[in-house]
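This report concerns only the one structure given below.
Residue numbers (the numbering used here): 335 to 408.
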């Protein structure tokens, strides 16, 4: 399955976040990927379950980064 990237604002008082979902790895890999993405985008964020949220609209940056890392992005 490909990793899905989308921009969301709902339920966040108008704030935009980039949501990376459908990550099929163990929690340690997801946590490491979250740290790399936050550093690459220069933004805060969090991860839970199989999802990572990065604050702000970084869809293009995240997509390029994940493809460069060897992930299949949808």
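Heads up, the beta-carbon is just placed ideally off N, CA and C, and yes, glycines get one too.
In this structure, residue 340 keeps its C-beta atom at 7 Å or more from the C-beta atom of residue 357. Residue 387 sits in a strand when the DSSP states are folded into three classes. With a 10 Å radius around the Cβ and a threshold of 16 neighbouring Cβ atoms, residue 379 comes out buried. In the DSSP assignment, residue 393 falls within the unbroken alpha helix (DSSP H) covering 393-402. In this structure, DSSP gives residue 357 a state outside helix and strand, which the three-state scheme calls coil.
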